[in-house]
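Participant:
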Amino acid sequence: MAHAELEAMAEKRPLSPHLTIYKLMLTMTMSMAHRISGVALYLGSAAMAIYLLALAFGPGAFAAFSWIANGFIGHVFMLLYSWALFHHLLGGVRHALWDRGLYMDPKGRELLAQATLGGGVALTLLTWVLTTLAG
Amino acid sequence: MTSRTQFLSGRTGRGAAYVADRSGAPHDKFMRLSACALGPLGLVVGWCLVSVSGKSYEAARAEIGRPLPALAMIAFIAIASMHMRLGAESIIMDYVHDEALKEKALLANKWASLAIAALWTLAILLIAAPK
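Protein chains in written order, with the numbering used here: chain A, 12 to 146; chain B, 55 to 185.
(1) Should A/Ser-42 be flagged as near chain B, meaning a C-beta pair shorter than 8 Å?
(2) Run through DSSP, which three-state label would A/Pro-70 get?
(3) Between which residues of its own chain and B/Ala-124 is the CB-CB distance below 6 Å, once the five residues before and five after are set aside?
(4) Using beta carbons (cut-off 8 Å, strictly below), is A/Ala-50 in contact with chain B?
(5) How would you call B/Asp-152, buried or exposed, if buried means at least 16 neighbouring beta carbons within 10 angstroms?
(6) Return helix, strand or coil for B/Arg-120, following the three-state DSSP convention.
(7) Does any CB atom of chain B fall closer than 8 Å to the CB of A/Met-20?
(8) Helix, strand or coil for A/Ser-27, going by three-state DSSP, please let me know.
(9) If you draw a straight line from the alpha carbon of B/Val-98 to that of B/Ala-114, how long is it in whole angstroms?
(10) Give the DSSP-derived three-state secondary structure of A/Leu-113 in the structure shown.
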């Protein structure tokens, strides 16, 4: 059969159900959040590289960048970056537990999803409070 | 009678997800191994970056320039850049179906992740280098 015909047949094949079909649940939200926080960390690390380079190249370069890095935008960025980091980290711990066959029952899954969300927020707040206290 | 099969996780490298091109298991193993290192490193780096945020030029350099934070930051980005490259590869393969565009996206991803790691490492080396 010609390639075009096969393609046309493939187009007509039914698709497996995707995200939009299901009722939104916490477990699936946390699964999506793991991916989204991963992408956010990718982009955030690129921005962080620019900050570190400005810091490395001397006071002049830092002054040119610090008006944004040390301002409102910089603080919001750092808050979101640290949250994404801790959320993704705990998401990884959740996957490590599942790999070992733990917390796979309905209650366990729900508990881990809540722990990822709550733990990520808690770790972020804790880090900000403690670093502020430490000066 | 029970149809229950023994639990086999992705860690074992077996399962339907890995049959398609037989390249799933190395990816899977790398993501899990690197995650083991990135967990503790991520906590240290998260702490360092948050404590540096908003600080003056001298204070920020002194904070990051200390040996242990500098080493943790370099180790973190060296491992994280490969971890995020592979993660982004999965996302590209999931959502980009046009073959030509997919090739371009994968190539851009490769060089972007390498560039981030290189620039981040260069910056830390410059900051931590003794005067």
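All C-beta atoms in this analysis are idealised placements derived from N, C-alpha and C, irrespective of residue type, glycine included.
Nothing here was measured: the structure is a model prediction, and the numbers come from that model.
Facilitator: In short, the structure shows the following:
(1) Taking Cβ atoms only, chain B never reaches closer than 8 Å to A/Ser-42, which makes this a no.
(2) helix
(3) Correct list, in chain order: Ile-178 and Ala-182.
(4) Sequence check: residue 50 of chain A is Val here, not Ala. Yes, its Cβ sits closer than 8 Å to a Cβ of chain B.
(5) With fewer than 16 other beta carbons inside 10 angstroms of its own, B/Asp-152 counts as exposed.
(6) coil
(7) no
(8) In this structure, A/Ser-27 counts as coil in the three-state DSSP scheme.
(9) Straight-line Cα distance between these residues: approximately 16 Å.
(10) coil
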